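Residue numbers (the working numbering): 73 to 240. Don't be surprised by glycine CBs; every beta carbon is placed ideally from N, CA and C. From a predicted model like this one, the values you see are computed outputs, not experimental measurements.
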């Protein structure tokens, strides 16, 4: 008679432990890939926003977006920033619907992108005399100072190299 060979409980446990270790490795690698993709998207979106600000400023008498009707004597606002990005404008910085006669500039963007790390697309606009906050607080997607044409991500944390997302 032939004796049937079966796996022992120890052999099965060893296989299960090895599969668990492999699964944990794959999950960690997938998680790192997702974070890397978000960091890359953040850098790309910041580059897009910074490019918009510079082009807008060149087209509008060296006045950055955010000032209502292009008036630097007025306090800059988030709504003016969004309108100047997504609508047509004239040289003075006044906005109108796309295709309106006399408003030949823009739109520069279809919409303000959401910050990939916190999911927010709002823009905190700093007044002329305001300084950037010392650190990000994730309350907005972006922080912009129209007077200096600077824009930053309002994202806490840092990448694998230790660089703060706020300093991207």
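Segment contact: the region 210 to 229 against the region 187 to 195, three or more CB-CB distances shorter than 8 angstroms; contact assigned.
According to DSSP, residue pairing for residue 216 in a beta bridge involves 197 and 223.
If you compare the alpha carbons of 84, 185, 173 and 132 with that of residue 118, the shortest gap goes to 185.
Counting along the chain, the unbroken alpha helix (DSSP H) around residue 156 starts and ends at 150 to 158. Leaving aside the five residues that flank residue 139 on each side, the residues in its chain whose CB is nearer than 7 angstroms to its CB run, in chain order, 146, 148, 152, 165 and 218.
Put simply, the backbone Cα of residue 204 is about 23 angstroms away from that of residue 113.
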